[in-house]
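Residues in the sequence shown are numbered consecutively from 61, following my numbering. For reference, the structure discussed in these notes is given below.
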Amino acid sequence: MYLPSARTLSGICLTLLAGLSSFFVPTATQAEETSYRFSPVNQYDIKLTAAYWNPIIQYVSEKSGVKLNLKIGRTSADTTSYVLAQEVEFVFSNHLFSPEREKLGWRVFGRRQMPPVHGQIVVPEDSPITDISQLQGQEVAFPGPEALVAYKFPYAHMLSKDVDVKVVFGGNQNGALAQLFAGKVKAVGGNSQLIEGYAKREDRKFRVLWSSEAVYDLALMVSGKVPEQDVKAIAAAFFNMHKDPRGREILRSASAEVGLTESAHFIASDGSEYGSYRKFYQNAPASLR
Numbered sequence: 061m062y063l064p065s066a067r068t069l070s071g072i073c074l075t076l077l078a079g080l081s082s083f084f085v086p087t088a089t090q091a092e093e094t095s096y097r098f099s100p101v102n103q104y105d106i107k108l109t110a111a112y113w114n115p116i117i118q119y120v121s122e123k124s125g126v127k128l129n130l131k132i133g134r135t136s137a138d139t140t141s142y143v144l145a146q147e148v149e150f151v152f153s154n155h156l157f158s159p160e161r162e163k164l165g166w167r168v169f170g171r172r173q174m175p176p177v178h179g180q181i182v183v184p185e186d187s188p189i190t191d192i193s194q195l196q197g198q199e200v201a202f203p204g205p206e207a208l209v210a211y212k213f214p215y216a217h218m219l220s221k222d223v224d225v226k227v228v229f230g231g232n233q234n235g236a237l238a239q240l241f242a243g244k245v246k247a248v249g250g251n252s253q254l255i256e257g258y259a260k261r262e263d264r265k266f267r268v269l270w271s272s273e274a275v276y277d278l279a280l281m282v283s284g285k286v287p288e289q290d291v292k293a294i295a296a297a298f299f300n301m302h303k304d305p306r307g308r309e310i311l312r313s314a315s316a317e318v319g320l321t322e323s324a325h326f327i328a329s330d331g332s333e334y335g336s337y338r339k340f341y342q343n344a345p346a347s348l349r
């Protein structure tokens with residue numbers, strides 16, 4: 061009977077250990093921290109958008125153990141293009157409630173707790189324009205073609221009143237308002253929350269020519285490809301942030317940067333609050349769907 065030598069047995073054992081090691085030693089990829097990309101729509105210019113969101117997502121990353129990286133484009137339309145191309149996993153947006161986009165698999169898991177917002181058409185307080193009919197044939201600025209509350213709501217209203225205007229896109233709400241005060245346009249379509257924040261930051265006053273029905277602030281949404289355990293961890297970090305003294309201070313400071321109320325924070329949502337957004341698309345002009 062053949063008996064292997066001690067040297068042979070040693071070689072066999074080393075071979076087995078080398079094979080088994082691949083099961084127990086994590087690869088560099090496995091050891092890397094789980095991370096996802098987060099794209100909030102550009103409600104402000106890039107600098108202000110980053111000033112608001114970076115401290116918040118850094119806190120959420122720390123508390124959840126799941127890394128979030130901010131990914132924003134030059135304009136709100138650019139940022140939404142990342143979302144539609146599935147280049148990000150988490151968003152803060154209201155650009156995904158059309159029937160076609162709801163098929164993409166995004167799910168609402170939260171929202172920012174703020175007073176309701178309105179789509180508005182505004183002019184400077186000292187403007188001679190007092191009615192939207194006076195905007196016929198004039199240039200009117202909007203944040204961008206994807207802005208539901210700030211562009212589609214007010215522009216749909218003007219179309220319904222047969223007020224034909226020359227549309228100018230400013231890239232974000234700040235850009236549109238800057239064109240107004242530079243005298244390049246006669247009026248601006250916007251989101252009431254952002255207009256009020258701009259007025260506070262820049263010490264400006266507006267006359268509101270038209271205001272839509274009240275709707276909820278933007279939604280926190282997640283792609284269907286993110287594991288549920290990661291969604292729950294990130295959601296819990298967002299929703300408990302205002303209950304933690306350090307988290308509450310971060311929210312307060314970030315809100316002050318953009319002119320939001322100190323009480324702004326994030327709460328859970330199942331998406332049912334966004335029925336008004338979905339209803340808009342049922343009756344909107346084809347060009348705005």
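Don't be surprised by glycine CBs; every beta carbon is placed ideally from N, CA and C.
Are there three or more Cβ pairs, one per stretch, closer than 8 Å when the stretch 226 to 246 is compared with the stretch 165 to 176?
-> By the Cβ rule, the stretch 226 to 246 does not count as touching the stretch 165 to 176, because fewer than three pairs are nearer than 8 Å.
Three-state secondary structure assigned by DSSP to F326 = Here F326 sits in strand by DSSP.
Beta strand (DSSP E) runs contained entirely in the stretch 249 to 307, provided each spans 3 or more residues | List check, beta strand (DSSP E) in window: 266 to 271 and 279 to 282.
In this structure, does DSSP put F98 in helix, strand or coil?
-> Note: F98 maps to strand in three-state DSSP.
Uninterrupted beta strand (DSSP E) stretches inside the stretch 116 to 147 (no shorter than 3 residues) = Fully enclosed beta strand (DSSP E) runs of 3 or longer: 127 to 130.
Under a three-way DSSP split, which group does A201 fall into?
-> Note: A201 maps to strand in three-state DSSP.
Do N154 and V200 come within 9 Å of each other at the CB atom, strictly closer than that value?
-> No, they are not a contact pair.
Neighbourhood of R349 by C-beta, 7 Å cutoff - its chain only, sequence neighbours within 5 removed = So the qualifying residues of the chain are S158 and Y341.
Reduced DSSP secondary structure (H/G/I, E/B, other) of I310 | If DSSP states are grouped into helix, strand and coil, I310 belongs with the helices.
The alpha helix (DSSP H) with G235 in it runs from where to where?
-> Counting along the chain, the unbroken alpha helix (DSSP H) around G235 starts and ends at Q233 to F241.
Reduced DSSP secondary structure (H/G/I, E/B, other) of A247 = Of the three classes helix, strand and coil, the one that applies to A247 here is strand, per DSSP.
For V183, which residues from the same chain have a beta carbon less than 8 Å from its beta carbon, with the 5 sequence-adjacent residues on both sides left out?
-> Excluding five sequence positions before and after V183, the CB atoms of its chain that fall closer than 8 Å to its own CB belong to I189, L240, K246, A247, V248, F266, R267 and L269, given in chain order.
Cα-Cα separation between L156 and L280, rounded to whole angstroms = If I take the Cα positions, the gap works out to 11 Å.
Indicate the three-state DSSP secondary structure (helix, strand or coil) for Q90 in the structure shown.
-> Summary for Q90: the model assigns pLDDT 38, below 50, so the residue's position carries little reliability, and this model does not support an answer.
Span of the beta strand (DSSP E), counted from its first residue to its last, around G170 | Note, G170: beta strand (DSSP E), R167 to Q173.
Return the residue from the list K303, F298 and A346 that minimises the CA-CA distance to S121.
-> Checking every option, the nearest Cα to that of S121 belongs to F298.
Anyone know if the C-beta pair for K221 and I192 falls short of 9 Å?
-> Yes, the Cβ-Cβ distance between K221 and I192 is below 9 Å.
Cβ neighbours of A238 in the same chain (closer than 8 Å, five flanking residues each side left out) = Correct list, in chain order: G230.
Starting from G179 and walking both ways along the alpha helix (DSSP H), at which residues does that stretch end?
-> Per DSSP, G179 belongs to no alpha helix (DSSP H); it is in the beta strand (DSSP E), G179 to P184.
Round the Cβ separation of R261 and G307 to the nearest angstrom and send it over; I've been treating them as touching at under 8 Å.
-> That pair is no contact at about 24 Å.
Measure the Cβ-Cβ separation of V148 and F98 and say whether it is below 9 Å.
-> Yes, Cβ-Cβ distance for V148 and F98 is below 9 Å.
What are the boundary residues of the alpha helix (DSSP H) that F213 is part of?
-> Element bounds for F213: F213 to S220.
Per DSSP, what kind of secondary structure is R107 in: helix, strand or coil?
-> Checking the sequence, you will find Lys at residue 107 rather than Arg. DSSP places K107 in the helix class (H, G or I) of the three-state scheme.
With respect to the alpha helix (DSSP H) encompassing K163, which residues constitute its N-terminal and C-terminal limits?
-> Neither: K163 is in no alpha helix (DSSP H) and is coded neither H nor E.
CA-CA distance, V166 and G257?
-> Sequence inspection shows Trp at residue 166; the Val mentioned does not correspond to that position. The alpha-carbon of W166 is positioned some 29 Å away from that of G257.
Simplified DSSP state of V209, which is helix, strand or coil = Three-state result, V209: helix.
Spatial neighbours of H325 within its chain, please: CB distance less than 6 Å, with the 5 preceding and 5 following residues excluded, ordered by chain position.
-> Excluding residues within five positions, the ones whose Cβ falls inside 6 Å are Q173, H302 and L311.
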